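One structure below.
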Ligand code: SF4
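In the numbering used here, the protein residues as written are 50 to 162.
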């Protein structure tokens, strides 16, 4: 597979392939790229960001760590079911979502107009 390392603004183009029992990364110019390439090949993860609209306000939310890309849709379904209450920025609205170890945290609260 080919991908772009997102660990720094340089954005090295990576080629990741399995050679025998080893995952080989080329195109990286530092060890972080190798680590990223292996992670993308074996278990790609992303920080999940989303928002939930209530009657009078909208919450913006994100996971505090990256979670498996395959779990993002299920995580969104769970987040959409949170109940309206007086949240503040930094509040954890869901702990250990889908047993990923990630918490869903309030990053913003906007008044609806
Ligand atoms: S491989 Fe290293 S230098 Fe290249 S984008 Fe990734 S972190 Fe940056």
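We put the CB at the ideal spot given by N, CA and C, even for glycine. All of these numbers come straight from a predicted model, not from anything done at the bench.
Residue 59 Cβ short of 8 Å to the ligand SF4 heavy atom set: Walking along the chain shown from the start, residue 59 turns up at place 10. Yes - the ligand SF4 has a heavy atom lying nearer than 8 Å to the Cβ of residue 59.
Residue environment, residue 40, which counts as buried when at least 16 other CB atoms sit within 10 Å: Lying outside 50 to 162, the shown extent of the chain, residue 40 is not represented and no answer is given.
Closest residue to residue 74 among 53, 158 and 94 (Cα-Cα distance): Here residue 74 refers to the residue found at position 25 of the chain shown. Checking every option, the nearest Cα to that of residue 74 belongs to 53.
Candidates 90, 116 and 122, of which the one nearest residue 72 by Cα: Indexing the chain shown from 1 puts residue 72 at position 23. Here the closest residue by C-alpha is 90.
Touch test, the segment 129-139 against the segment 150-159, Cβ-Cβ under 8 Å, three pairs minimum: yes
Contact under 9 Å by Cβ, residue 81 with residue 118: For this step, residue 81 is matched to residue 32 along the chain shown. For this step, residue 118 is matched to residue 69 along the chain shown. Cβ distance not < 9 Å, so residue 81 and residue 118 don't count as in contact.
Three-state class that DSSP yields for residue 106 in the structure shown: Locating residue 106 in the chain shown gives position 57, where the first residue counts as 1. Correct three-state label for residue 106: strand.
Where residue 91 falls: helix, strand or coil (DSSP): By 1-based counting over the chain shown, the position of residue 91 is 42. DSSP places residue 91 in helix when its eight states are reduced to three.
Delimiting residues of the alpha helix (DSSP H) encompassing residue 125: In the chain shown, residue 125 corresponds to position 76, counting from 1. Where residue 125 is concerned, the enclosing alpha helix (DSSP H) stretches over 121-128.
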